[in-house]
């Protein structure tokens with residue numbers, strides 16, 4: 594009596610190559626080789642015509658660049674653990690802010706030089722403190738190098754720019770701070786383009802129209818609003834504040850894992866502006 598043949602698993606799909614008919618898959622727990630992904634389909638701002646380098650991946654490994662989706666345009670696989678989910682959210686927020694920064698530089702949108710405040714040259718830089726808001730938020734990841742690989746040094750409205758940013762957490766709250774510093778010709782234009790860029794990925798839309806808020810602790814007004822983003826199969830409420838001057842531009846965006854789909858109208862933007870005003874002070878330092 595002949596001995597039964599065991600199925601072969603060499604190709605990782607449960608098929609026995611050379612026999613024509615598929616064999617039963619491997620038993621539970623037997624490791625499989627994942628299918629190789631096909632060519633990447635460019636996202637809204639991944640088109641080579643713009644000349645920008647491929648965006649970095651922020652957050653979990655299964656997160657596609659900027660949260661645009663997986664290989665071949667397929668949606669990303671939702672993270673299984675709560676920690677991975679938080680990183681996926683942070684990565685999505687970082688991607689939104691990076692796109693806004695690119696647009697603010699005029700990389701994807703034509704800008705004009707206003708020539709305001711540039712004669713004296715840059716005076717300040719953006720830093721990445723270990724904590725924000727007096728220790729409330731703890732730095733979980735410095736993304737300066739990753740973001741800087743996608744943000745060019747020069748744009749139509751800004752010149753000699755450097756990038757600094759970090760992902761922060763406080764309990765269930767997640768925050769991303771991203772800033773650039775150098776010479777900004779027209780700060781108002783930089784803010785306007787940043788806001789437009791944050792909703793140009795096809796997954797983020799304005800929920801509460803942005804407007805200026807003056808922090809209770811003093812300082813120049815910030816522009817704050819609320820967007821809603823489709824990410825990982827659900828809506829994420831994303832509150833943000835943006836500011837710019839002749840040598841720095843900064844964005845902060847926050848969401849809460851305990852209330853991912855929070856009613857955008859219920860977000861206290863004055864409270865966020867107060868928080869962002871403190872962050873602006875904490876991350877801004879004299880240049881040199």
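Residue numbers (the working numbering): 594 to 881. Just so it is clear, CB atoms sit at the ideal spot from N, CA and C, and this is done for glycine as well.
Opposing strand residues paired with residue i [DSSP bridges]
| i | result |
| --- | --- |
| residue 851 | DSSP output for residue 851 lists no bridge partner at all. |
| residue 806 | 815 |
| residue 733 | In the DSSP output, where bridge partners are listed per residue, residue 733 has none listed. |
| residue 856 | Answer is none; residue 856 lacks a bridge partner. |
| residue 842 | 773 and 837 |
| residue 879 | 717 |
Whole-angstrom distance between residue j and residue i, CA atom to CA atom
| i | j | result |
| --- | --- | --- |
| residue 783 | residue 814 | 15 Å |
| residue 673 | residue 850 | Annotation note: pLDDT 42 at residue 673 (below 50); position unreliable, coordinate value reported separately. Using only the alpha carbons, I get a separation of about 14 Å. |
| residue 686 | residue 809 | 26 Å |
| residue 735 | residue 842 | 18 Å |
| residue 823 | residue 779 | 32 Å |
| residue 755 | residue 839 | 14 Å |
| residue 760 | residue 800 | 23 Å |
| residue 645 | residue 689 | In this prediction, residue 645 has a pLDDT of 43, which is less than 50 and means its spatial position is unreliable; what the coordinates show is noted afterwards. Straight-line Cα distance between these residues: approximately 16 Å. |
| residue 868 | residue 775 | 24 Å |
| residue 855 | residue 828 | 9 Å |
| residue 781 | residue 837 | 7 Å |
Residue i vs residue j beta-carbon contact at 8 Å
| i | j | result |
| --- | --- | --- |
| residue 716 | residue 879 | yes |
| residue 860 | residue 789 | no |
| residue 699 | residue 786 | yes |
| residue 820 | residue 848 | no |
| residue 719 | residue 777 | no |
| residue 743 | residue 721 | no |
- [ ] May I ask you to verify whether the region 740-754 touches the region 819-835, counting CB pairs closer than 8 Å and requiring at least 3?
- [x] Segments in contact, no.
TODO: Go through the region 758-792 residue by residue and report every complete run of the beta strand (DSSP E) that reaches 3 residues or more, in order.
DONE: 766-777, all fully within the region 758-792.
TODO: Pair every Cβ in the region 785-796 with every Cβ in the region 757-772, then say whether three or more of these pairs are closer than 8 Å.
DONE: No contact exists between the region 785-796 and the region 757-772.
- [ ] Mind the definition here: the region 724-739 touches the region 859-877 only if three or more C-beta pairs lie below 8 Å; say whether that holds.
- [x] Yes, the region 724-739 touches the region 859-877.
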